[in-house]
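2 protein chains.
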Amino acid sequence: MKILFAASLLLLALSHLSQVDASAYDKIVSHSRIRAKKQGINMCAIQEIIGTKKKYFSTCRNWYMGSICGKKALVLYECCPGYMQLEGMRGCPAAVPIDTIYGTLGVVKADITKQYVDMSKLTEQTQGAGSYTMFAPSDEAWEQLDATKRTELLNNENTLLYDALHCHMVSKRFLTKDLKNDMTLESMHSKLGLYINHYSNGIITVNCARIIHGNQVATNGVVHVIDRVIAPVKNTIRDVIGTNEELMTASNRAVKKESSLLGKLGQPGQYTLFAPTNKAFEKHKEGLKRILQDKTLVQAFLKYHLLSSVQCSEAILAGSRYETLEGSSIEIGCDGDSLTVNGIKMVLKKDIVTSNGVIHLIDQVLMPDSVKQVTELVGESQSTFGHQVTKLGLAAAMGPGAQYTLLAPLNTVFTDKVMSMDQHLLKIILKNHILKLKVTLSDLYNGQLLETLGGKFLRVFVYRTTVCIENACMVRGSKEGSNGALHLMKSLISTPSNSMYELLQKNGSFTVFLSLMEIAGLTELLKQEGAYTIFAPMDDAFDGVTEQDMKTLTSDINALRIILLYHFSNGIFISGGLEGSVTNLLETMQGSNLQMAKHKINHKINVNNIYAFQ
Amino acid sequence: MKILFAASLLLLALSHLSQVDASAYDKIVSHSRIRAKKQGINMCAIQEIIGTKKKYFSTCRNWYMGSICGKKALVLYECCPGYMQLEGMRGCPAAVPIDTIYGTLGVVKADITKQYVDMSKLTEQTQGAGSYTMFAPSDEAWEQLDATKRTELLNNENTLLYDALHCHMVSKRFLTKDLKNDMTLESMHSKLGLYINHYSNGIITVNCARIIHGNQVATNGVVHVIDRVIAPVKNTIRDVIGTNEELMTASNRAVKKESSLLGKLGQPGQYTLFAPTNKAFEKHKEGLKRILQDKTLVQAFLKYHLLSSVQCSEAILAGSRYETLEGSSIEIGCDGDSLTVNGIKMVLKKDIVTSNGVIHLIDQVLMPDSVKQVTELVGESQSTFGHQVTKLGLAAAMGPGAQYTLLAPLNTVFTDKVMSMDQHLLKIILKNHILKLKVTLSDLYNGQLLETLGGKFLRVFVYRTTVCIENACMVRGSKEGSNGALHLMKSLISTPSNSMYELLQKNGSFTVFLSLMEIAGLTELLKQEGAYTIFAPMDDAFDGVTEQDMKTLTSDINALRIILLYHFSNGIFISGGLEGSVTNLLETMQGSNLQMAKHKINHKINVNNIYAFQ
């Protein structure tokens, strides 16, 4: 409690801090300064991904994970931006002297940029009158630039190089706190747009280049060092997908033509497109053929590749879910340098920047559940069921145009005993795990009857925390496809073949109870259709009852009825539908409540403190 | 550090939790359950605003504030939704028995709704087959409903009341985790939209009615209790502002006609409009006349009243800033039951729900800085300057069509001494606080010369953390208006009338230094225009220097120059431009750096550990 209290106080303090409109970037810098407090004044804790030169201000999450993008990250202590060491003193006690933009390039060690400023005769401008923001590529950034491109720039220093550098400059001072998410700045090269993203994890990107050292204030502006050379952006997403060679084959174009989305992607906006390449489309030719026949499916398919926000690769430090335009979400994560989608490395080319968002090329198509055939919904945890359904010819029996629901038992259900069953019998059982209509989780209600391929009607039982179908209860993970739904079942569904009366009679241990029911005229209740739960006392339970007691009991039929009905509960209570650690109240037909509890560990059920056998 | 560590671990734990896609509502419920842990199982901490019946799950912030919307909030402990007490046992050990929607209305004490369900013959539907979500108004909600409206419903139980209840129902089960922000559900009344907002503070609204008890699972769906009766929504924001009587006068319409925004407000979207009433427009007739003449200003003015998100009043528990479509932000907060904008109670009517957002009627117009005349930018902390500028006729002198910048000293600057100054002299001084052009903070650069109304040229000095104009430095709070800008100055600006040489000579304590400068041939440096800082040694400083030393010093002119130039720094260093608690490095003309530090408390400056007199 003490810890919680302290934590809450800190949260409170942090939430107050955030009101002094500090930007996410500024907050991360403060945080990394707090982390390095013991190292001396103005020191910042930096995390560097091992084996790379990628450095990040330490965030709370990364600090404790000790890793970034799934790779181990070393903690380094450096001077916070704007401060420097002094000989013989701890920490970084000195503020870096202010200089012109030109001079500041030297201070932040953007030496190649400085040299290029000289070559392209921008020295005077960057030293002189005016107020500028310069996004200065680091030396590494220039070295990563395509060699041909770089040579071309250097061979045309007064034109191309001059323009390239002006493309990194804005004629106003913008500190990190002024760089808002989704902001567009006018660069000094033909006023072409610079697209700013300021993410909640503190990362700021400019045309997807990350600011790795921000806010170096100059006498005539400010310098932010970035990790990549920026190229001018003139096209929309629509322009790019219309001209990029990797996105040009017939099927790719066919899909594009189908969609009214294309118009949207030619308009201003903020999107991320995961664009499957030609090869990716080829791989899924068959599936796509089906999708292409249905406009709704094409729309859903395409929208699943689009986000309504700009996600540059450099902003992704860990997996997060993002809602797609289709409605369901995808997980974007990273694995070292690779961007991942739904946990899979599939990004061939990252960060194609456009005027209305960013494109990442992927070598797979993404399939939302909503375009999948019901059989395609089967996941790994239910793969045995999927295999059996195919093997026994049931998958083939599910014709197109009709709707189905799979009640897929988990793999653990298919024990050796089940698997060694007669194939014919197994087929009958599995047929009763396929419904002849589409029912989603939110459609299910208590008492509903669901017709199976096998012709049986299954009963639905809705509980507070789960839904059961006959004896089998669901676990999380229901899915909805184009022609059906899938639900995960904890056990095999077995359909009842006996009435309660038959069950109790067959068992042989309920003779006293049954005779009392007979006397009370309640036997019909046990034979008719209905949804009750009986807590039937076994013969042993009457051991303590004397003959005299029995006589009294049977003499007043009304009293007997009340007592017996107290053992009947409206609704069917399956052990799986009971919640652990709480008392489950069941209304009896007699009127008052029974208290049921499930033991946390052995799952035994006890009713009004008497153990029940299942 | 221990606290921080614990806090961070908790944050880490919380951030992990959030990955198990818990909704904001569900997280708040968990949090309030943790808060009530000591009270027994399944208890939740609830905060009730004193004097009202408004209850909220306790959030971290409200818990420590002890207040909600600025009003004291009592902490109550109640069973968490879905649980109940059992006689003789602590906490809420029992799960509430599951029942039909109809039965559940009784369980959650929505008795009036239950009664109306009976009256309108919906009993069978709410007890029978199907899967429904029912947003059930609490008894208080029905009592708050306009009496005439209620009577009308009750007199037409089979038509109006039936429709009204169907307007609260959806024919699918939606738990709170399924209710996503900005979702629209189809109600069972003519499929009219139900507009869901799920806020990050855990509040969920349906057509701006707040869910006060969520997730009461029923056998045939789920019941959420809401704090207000929902009305069917058919109109867009555009429809409402076109027909609402309080928004219909000439000036109001004139403004509306001007704007291409109106089209947008007729399209699907997610907006909040703070709509000034006719009376509000009347109050600002004069100012609006000016704005109406300029299309850009009209656009900015209108966009400042619009947010690109839906903010229902019930979701506001504390002040937060929201960016308007104009670009700058407004603070929406609350004061008890009242919604406030920028801290002012101005909302006459809350929560007019439309199909594309919500409208709140306000009795004032909101003026963004961007439409203000430069003189209108003067705020309270600079009001004395504002008054003086008006009193001395300077405000009137700032004609329309031209641009200005006010360098407004804070009120504290206008001491008795300043105020008792000759009016003519004061006017001259203040004229030098008004620039003949618009310069925003991000435009300023070191060495810039700014012409004042008084005809003087003021020099700009840019430092790492502040900008100074001559001797006076700025504090935060610069503003940008339609025809100019305003900056806040910590002191009066005084323009230099002497060269350094004149200053040093007049002072009389620098004879040795001046004679050495003469010998080194550097006197010109002290007379010419330029931007240097000199750390001039006073005569006393030479006390320890013997005549022999002096001879050596003057015998080698080059060595002497190097020593003297070590006292000159490029750029002008004003004490206000120095940062506290760090060493400020100044490059000297001789080449190496001087170390300056400002004392935290007495603000004395020390250079290479020698105190400097200012």
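Quick mapping for you: the protein sequence lines, in order, are chains E and F. Under UniProt numbering, the first residue of the first sequence is numbered 1, with each subsequent residue one higher. Under UniProt numbering, the first residue of the second sequence is numbered 1, with each subsequent residue one higher. The C-beta atom is built at its ideal place from N, Cα and C for all residues, glycine as well.
Option in the options with minimal Cα separation from residue i
i, options, result
"T236 (chain F)", "F:L192, F:G386, F:R476", "F:L192"
"L407 (chain F)", "F:R459, F:I493, F:L526", "F:I493"
"C167 (chain E)", "E:P232, E:Y132, E:Q115", "E:P232"
"I362 (chain F)", "F:K279, F:Q382, F:Q448, F:C79", "F:K279"
"L444 (chain E)", "E:G454, E:S499, E:T405, E:N584", "E:T405"
"E326 (chain E)", "E:I332, E:V310, E:H305", "E:H305"
"K177 (chain E)", "E:F457, E:D416, E:F414, E:S23", "E:S23"
"K180 (chain E)", "F:D26, F:S329, F:T440", "F:S329"
"Y501 (chain F)", "F:S491, F:T495, F:L514", "F:L514"
"K121 (chain E)", "E:D139, E:L165, E:S355", "E:L165"
"D182 (chain F)", "F:I204, F:S171, F:D163, F:Y162", "F:I204"
"M65 (chain F)", "F:C80, F:G82, F:Q47, F:K55", "F:Q47"
"L194 (chain F)", "F:N201, F:I50, F:G357, F:P368", "F:G357"
"I316 (chain E)", "E:L430, E:G333, E:T552", "E:G333"
Partners in chain E for residue i, counting only beta-carbon separations shorter than 9 Å
i, result
"E579 (chain F)", "A95"
"N342 (chain F)", "Neighbours of N342 (chain F) on chain E: none; closest Cβ ~15 Å, over 9 Å."
Chain-ordered chain E contacts of residue i [CB-CB under 7 Å]
i, result
"G357 (chain F)", "In chain order: nothing, as chain E lies at least about 17 Å away."
"L339 (chain F)", "Here the premise fails: no neighbours, minimum Cβ distance about 19 Å."
"Q448 (chain F)", "A129"
Range of the contiguous beta strand (DSSP E) that encloses residue i
i, result
"E451 (chain F)", "449 to 451"
"D335 (chain F)", "329 to 335"
"Q47 (chain E)", "43 to 49"
"V582 (chain E)", "Note, V582 (chain E): premise wrong, no beta strand (DSSP E); not H, not E."
"F274 (chain F)", "271 to 276"
"A24 (chain E)", "Not the beta strand (DSSP E): A24 (chain E) falls in the alpha helix (DSSP H), residues 24 to 35."
"V341 (chain F)", "338 to 341"
Neighbouring residues, chain F, relative to residue i (Cβ below 8 Å)
i, result
"Y463 (chain E)", "I98, V217"
"F174 (chain E)", "S442"
"V582 (chain E)", "I41, N42, Y83, P93, A94, A95"
Proximal residues of chain E, C-beta to C-beta of residue i below 8 Å
i, result
"T405 (chain F)", "What T405 (chain F) touches in chain E: nothing, since even the nearest Cβ is about 14 Å away."
"N593 (chain F)", "P97"
"T495 (chain F)", "The premise fails here: T495 (chain F) is roughly 20 Å from chain E at the closest Cβ pair, so nothing lies under 8 Å."
"Q388 (chain F)", "The premise fails here: Q388 (chain F) is roughly 30 Å from chain E at the closest Cβ pair, so nothing lies under 8 Å."
Residue i: first and last residue of the uninterrupted alpha helix (DSSP H) it sits in
i, result
"M550 (chain E)", "547 to 555"
"L348 (chain E)", "Counting along the chain, L348 (chain E) falls outside any alpha helix (DSSP H), though it belongs to the beta strand (DSSP E) covering 347 to 354."
"C60 (chain F)", "60 to 65"
"L514 (chain F)", "511 to 520"
"V233 (chain F)", "Here V233 (chain F) belongs to no alpha helix (DSSP H), and DSSP marks it neither H nor E."
"K506 (chain E)", "500 to 507"
"K527 (chain E)", "523 to 527"
Under 9 Å by beta carbon: chain F residues contacting residue i
i, result
"R459 (chain E)", "Within 9 Å Cβ-Cβ: nothing; R459 (chain E) doesn't reach chain F, min ~12 Å."
"Q115 (chain E)", "Near Q115 (chain E) there are no residues of chain F at all, since even the closest Cβ is about 21 Å away, more than 9 Å."
"L585 (chain E)", "M84, L86, A94, A95, V96, P97"
Listed by chain order, chain F residues near residue i by CB distance under 7 Å
i, result
"L325 (chain E)", "Going along chain F, no residue has its Cβ under 7 Å from L325 (chain E), so there is no contact; the nearest lies around 13 Å."
"Y445 (chain E)", "A129, G130, S131, T219, N220, G221"
Check: Using a Cβ cut-off of 8 Å, which residues of the segment 259 to 292 of chain F contact any Cβ in chain E, in chain order?
Finding: Of all residues in the segment 259 to 292 of chain F, none comes within less than 8 Å of chain E when Cβ atoms are compared.
Margin query: Could you tell me which whole alpha helix (DSSP H) segments of length 4 or greater appear in the UniProt domain "FAS1" (358 to 493) of chain F?
Written below: With a minimum length of 4 residues, the continuous alpha helix (DSSP H) runs that stay inside the UniProt domain "FAS1" (358 to 493) of chain F are 383 to 391, 394 to 397, 416 to 419, 423 to 431.
Item checked: alpha helix (DSSP H) segments (min. 4 residues) lying fully within the UniProt domain "FAS1" (97 to 230) of chain E -> Here the runs fully enclosed are 101 to 107, 111 to 119, 123 to 127, 139 to 144, 147 to 155, 162 to 166.
Margin query: Any C-beta of chain E within less than 9 Å: which residues of the UniProt domain "EMI" (40 to 94) of chain F qualify?
Written below: The residues in question are I41, N42, C60, R61, W63, Y64, M65, G82, Y83, M84, L86, M89, C92, P93, A94.
Notebook entry, point to check: Just by C-beta distance, which residues in the segment 297 to 311 of chain F are closer than 7 Å to chain E?
Noted result: From the segment 297 to 311 of chain F, no residue has a Cβ closer than 7 Å to chain E.
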